[in-house]
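What follows is one structure encoded as structure tokens, with my remarks underneath.
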Amino acid sequence: MHIALLGAGGLVGSIFASQIQSRGHRLSVISRQDCDLYVRGELYKRLAEVSPDILINCAGYTGKPNVDACETDKANCLAGNAVLPGMIAEACDKIGIAWGHVSSGCIFTGKRLDGAGFTEQDPPNFSFRQNNCSFYSGTKALGEEILADVSRCYIWRLRIPFSNIDSSRNYLSKLQRYDTLLEAENSLSELNEFVAAALDCFSLNIEFGTYNLTNPGSVTTSEVVALIQAAGVSKKQFQFFDSESEFMRLAAKTPRSNCVLDSSKALTAGLRLTPVREALQRSLDQWDPQTCTE
Ligand SMILES: NC(=O)c1ccc[n+]([C@@H]2O[C@H](COP(=O)([O-])OP(=O)(O)OC[C@H]3O[C@@H](n4cnc5c(N)ncnc54)[C@H](OP(=O)(O)O)[C@@H]3O)[C@@H](O)[C@H]2O)c1
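At position 230 of the sequence shown (counting the first as 1) the number is 229 in numbering that gives the first Met the number 0, and the numbers step up by one without a gap.
Printed below as a string of structure tokens:
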């Protein structure tokens, strides 16, 4: 398969690039230098030259070092997360190729009223429509709304990526570096499994639509900390905020999404996602401290 990739230089895109190549597919990276994705017709023109079989979009605006940064760069955040998917949909439709979009589970907060995780049928409850969200989450929910009627597209929801490689963007590294932690229950995505599952959507010919690509189950922050300590990855004495309101007062500018997602649609479709505790344990057993310079 010949795959066009947007956002190949980012955290998620770089893993896609390496898995696309290791699976023996042909990779064509489309970067800012190749075309301005916001100019109508530019991406179509580039796709006509490259002639890929499919496209994968990992371009988006995340805010660095965290989502608080989106609050002060709203135009770029809205453009990258909501306008861009619409532009890509238009170009892919015009050229007649299927594509996949990396979305986020951060458009939900908490759990369903019945205590279960949110499914792909549940409407986002952490979005501009609820007026309760960070600007980042609002734009990611808008991005999904824009794609709601696109027929040949996968929307893959990534949630709090982690892996065995120490990096400033890895959840397991972040927990070790923060001074104080917020206790919360979340679903998580092991990054390599997320990317493999997304690529499998094409190779297994899975039905187009939205998929929660999270490792089955959920964990609390203190459970993850206990796993980090038990694996001998950190000897640090971890401190926790007394409450979410203390966290909001001392360490955050905008509300965070903490949520549980149900990944059974992905599992039923045949995608492989290891239960979350097992996936965490494996990453910690294979922990690669690297020399993180980011
Ligand atoms: N990381 C997470 O925790 C997380 C969690 C859930 C969902 N996601 C979603 O996953 C996607 C990828 O995130 P990431 O963490 O990999 O982000 P990242 O590391 O910031 O990478 C984003 C990539 O997108 C490219 N890009 C952004 N705007 C572009 C534009 N207008 N034209 C061309 N390229 C553009 C960037 O290129 P430049 O380097 O040239 O700027 C960069 O390569 C995003 O949609 C994000 O919302 C991420």
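For every residue, glycine included, the Cβ atom is placed at its ideal position computed from N, Cα and C.
Since this is a predicted model, take the numbers as computed values, not measurements.
| Asked | Found |
| --- | --- |
| Looking at ligand 1, does it come within less than 7 angstroms of V11, judged from the CB to the closest heavy atom? | yes |
| Between the C-alpha atoms of R22 and F15, what's the straight-line distance to the nearest angstrom? | 10 angstroms |
| If I follow the unbroken beta strand (DSSP E) through I55, where does it start and stop? | I53 to N56 |
| Mark G142 as exposed unless 16 or more other C-beta atoms lie within 10 angstroms of its C-beta, in which case mark it buried. | buried |
| Which of the three DSSP states is assigned to F239 in this structure? | strand |
| Could you have a look at V101 and say whether DSSP puts it in helix, strand or coil? | strand |
| Is G186 near V101, with beta carbons less than 8 angstroms apart? | For the sequence presented, residue 186 should be read as Ser rather than Gly. Their beta carbons are not under 8 angstroms apart, which means S186 does not touch V101 by this criterion. |
| If we call anything under 8 angstroms between Cβ atoms a contact, is F107 one with Y153? | no |
| Looking at C91 and ligand 1, is the gap between the Cβ and the nearest heavy atom below 7 angstroms? | no |
| Going by alpha carbons, who is nearest to A229 out of L198, I55, Q280 and F161? | Q280 |
| Just checking my contact of Q175 with K235 at CB under 8 angstroms: how many whole Å lie between their CB atoms? | 6 angstroms |
| Taking the alpha helix (DSSP H) that T220 belongs to, which residues open and close that run? | T220 to A229 |
| G216: beta carbon under 7 angstroms from a heavy atom of ligand 1? | no |
| Flag this pair as yes or no: are the beta carbons of L180 and F237 separated by less than 8 angstroms? | yes |
| Suppose the cutoff is 8 angstroms on Cβ atoms and the five residues either side in sequence are ignored; what does the same chain contact list for K173 look like? | S167 |
| Does the contact criterion of 3 or more C-beta pairs under 8 angstroms hold for the segment 119 to 129 versus the segment 57 to 64? | no |
| What is the DSSP secondary structure of C258, reduced to helix, strand or coil? | strand |
| Compare the beta carbon distance of Y210 and K264 with 8 angstroms and say whether it is the shorter of the two. | yes |
| Any idea what DSSP makes of W286, helix, strand or coil? | coil |
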